[in-house]
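Worksheet for the structure shown next.
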Amino acid sequence: MKCINWWLIGLVWISSSALHAQGLLDELNAVTEEPTLPVRATFKDTRIVNVQSNETPAEGVLHFVIAHRFGTLSSGAYDLWGLDNAQMRMAFDYGITDGLAVGVARNTYQKTYEANVKARLLRQRTGPNAFPVSVTWYSVVMANGTRVVPEETPYPFTRRLSYVHQAVLARKMSERWSLALVPSFVHRNFAQESGEAHDLALLGVGGRYKLGPRFSVNGEYHHFLTQSFGDAFSPSLSLGVDIETGGHVFQLHITNARGMFERSFLAEPLGSWANGDLYFGFNLSRVFTVKS
Amino acid sequence: MNLMKTPRLGSLLALLFVGFAPDAGAQQFMTREGHVHFFSSTPIEDIEADNRQMSGLLDASTGDFAFQVQMRAFHFERALMEEHFNESYVESETYPKATFQGRIASWESIPKDGQQHEVVAEGEFDIHGVTQPHRIKGTVQWVDGAWKLQANFEVTLADHNIVIPAVVKDNISRIIGIDVEAQLLPR
């Protein structure tokens, strides 16, 4: 009996001293409120595949993107499955603040120029002041730069313009999963045929799943909510991967939309997943800290 | 109830409760705004970050302490560094906190004379979900009714399973220097 008592006393003494050290940390946890923190890195880059993600370049950061879309994969070995036939987009986006960016871009397709603004309106947060989603606004004006033939044909500049406005509602569901809901509105000043629509509303969904710390699979789809700009166009569907290496993000993808500016890839995708008229492409981004 | 009649076992149970009860007489000191600064220095690049939200408790009767920081509250000079730190290196979504708990050796002998006294803190350092025993040299100082604690130490990334990818291995040091500073006020 006596020996059991000493054994018990020893046990109590050991466990209480171990509890004491652990207890202080538990006590600290109990009295420290979890801070409200913004959710970061919902997506790796400012685009999911074609469409904008909720991410913007940080303040003072110049985000430079070179993107290519090649010819159709179905064009065969002679054109090296489209690689002989590249279209390019070159873009500069600059973060004025952590939640406001402006950008310019130039596309091969229709020699289109872009000017855009992207603003974070709300940010997903965790902690006592938690908020479930990030809401980001994106507006872009696009100008067709091709020459009119013959040159003297009257062609007012406003005809060249089209506009897209979008809200990106994004949520980082978990460390791996991020989802975005993207309602878009497209307006073109000029339609080839009279009676063709000038406006198009779409609802897009996009997402990513991280397979590793620097690697994710991405996808997006944009559904036409109103009459499309023509029978030749089908809704945009794209699948790809993000690979991150230091200051670069490589996005490689397959898409039925060859254009890389919003009006083109939202309203005018010419390819079709059913026929294999798909385009391989990449976005390659690099950030430069211009002002720290 | 029969058990309680045995005086020895009764006193043992009483002892057990005393052992678990919080020390009513213990005076605790606390901070919510301790400063942690860390740096990595390589010939290619210097990287540093600050966190001014370290919380900590010190039991002034024993020298026991516990500190913790939210990994996501570290601020870097460049946004991309902050993103890589959280996403790839410390994986702060999975391991949100770093903690250090232990005891300051020979605490009883430290006088409250306003001078800096060199001390050794021994405890368990947990970062990235890996706990390692650590001995840290630092100073303590009793100033205006508060304890000021300060320490510099080093952490080897590999000890805590923090993997730096090959492409940036020349940019990030294997060993990270850490400066900690806090003023703990009576609770």
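Heads up: the sequence lines are chains X and S, in that order. What the first sequence shows, in my numbering, is residues 1 to 292, in sequence order. What the second sequence shows, in my numbering, is residues 1001 to 1187, in sequence order. All C-beta atoms in this analysis are idealised placements derived from N, C-alpha and C, irrespective of residue type, glycine included.
| Item | Value |
| --- | --- |
| Own chain, CB closer than 7 angstroms to M90(X), minus 5 neighbours either side, in chain order | I66, A105 and R106 |
| C-beta contact flag for T108(X) and S285(X) at 9 angstroms | no |
| Contacting residues, own chain, Cβ-Cβ under 8 angstroms from V133(X) (five flanking each side not counted) | L122, Q124, L169, A170 and R171 |
| Three-pair Cβ contact test at 8 angstroms for the stretch 250-266 of chain X versus the stretch 138-148 of chain X | yes |
| Chain-order list of residues whose beta-carbon lies under 6 angstroms from that of Y138(X) (same chain, five-residue window excluded) | Q52, K118 and Q166 |
| Proximity test, Cβ basis, 9 angstroms: S285(X) and chain S | no |
| Per-residue DSSP class, three states only, for F64(X) | strand |
| Pairwise C-alpha distance: N218(X) and T136(X) | 19 angstroms |
| is_contact[V1140(S), chain X] using C-beta, thresh 9 angstroms | no |
| 7 angstroms CB neighbourhood of M1001(S) in its chain, flanking five on each side removed | The predicted position of M1001(S) is uncertain, since its pLDDT is 45 and thus under 50; a value taken from the coordinates is nonetheless stated next. Excluding residues within five positions, none has a Cβ falling inside 7 angstroms. |
| The stretch 1103-1110 of chain S / the stretch 1076-1089 of chain S touching (three or more Cβ pairs under 8 angstroms) | no |
| Short Cβ contact (9 angstroms threshold) for L225(X) with R176(X) | no |
| Cβ pair N1125(S), A1158(S) closer than 9 angstroms | For the record, residue 1125(S) in the displayed sequence is Phe; it is not Asn. Result no, Cβ atoms of F1125(S) and A1158(S) do not sit closer than 9 angstroms. |
| Beta carbon of L203(X) nearer than 9 angstroms to that of H223(X) | yes |
| DSSP-derived helix/strand/coil call for Y1089(S) | helix |
| Within chain S, partners of G246(X) - CB distance below 9 angstroms | L1080, H1084, P1165, V1167, V1168 and N1171 |
| C-beta neighbour in chain S for L100(X), strict 9 angstroms | no |
| Cβ of L1149(S) within 9 angstroms of any chain X Cβ | no |
| Interfacial residues, the stretch 49-65 of chain X to chain S, with Cβ spacing under 7 angstroms | A58 and V61 |
| Any C-beta of chain X under 9 angstroms from that of A1066(S) | yes |
| Where S75(X) sits in the DSSP three-state scheme | helix |
| Neighbour list for T289(X) in chain S, Cβ cutoff strictly below 9 angstroms | E1077, R1078, A1079 and L1080 |
| Amino acids of chain X, ordered along the chain, whose beta-carbon sits closer than 7 angstroms to that of R1052(S) | None at all; the shortest Cβ gap to chain X is about 11 angstroms. |
| CB contact below 9 angstroms: T46(X) versus chain S | no |
| Neighbour-count burial assignment, T56(X), 16 or more Cβ in a 10 Å radius | buried |
| Contact belief for K111(X) with T158(X) at Cβ below 8 angstroms, rounded distance in angstroms | Actually they do not touch by this definition, with Cβ atoms about 17 angstroms apart. |
| Proximity of H1160(S) and V1130(S) at Cβ, strictly below 9 angstroms | yes |
| Proximal residues of chain X, C-beta to C-beta of S1055(S) below 7 angstroms | L28 and T32 |
| Residue span of the alpha helix (DSSP H) that contains E114(X), given as start and end | Element bounds for E114(X): not the alpha helix (DSSP H) but the beta strand (DSSP E), Y113 to L122. |
| Contact list for A1146(S) against chain X, beta-carbon separation under 8 angstroms | Under the 8 angstroms cutoff, chain X gives no residues; its nearest Cβ is about 17 angstroms from A1146(S). |
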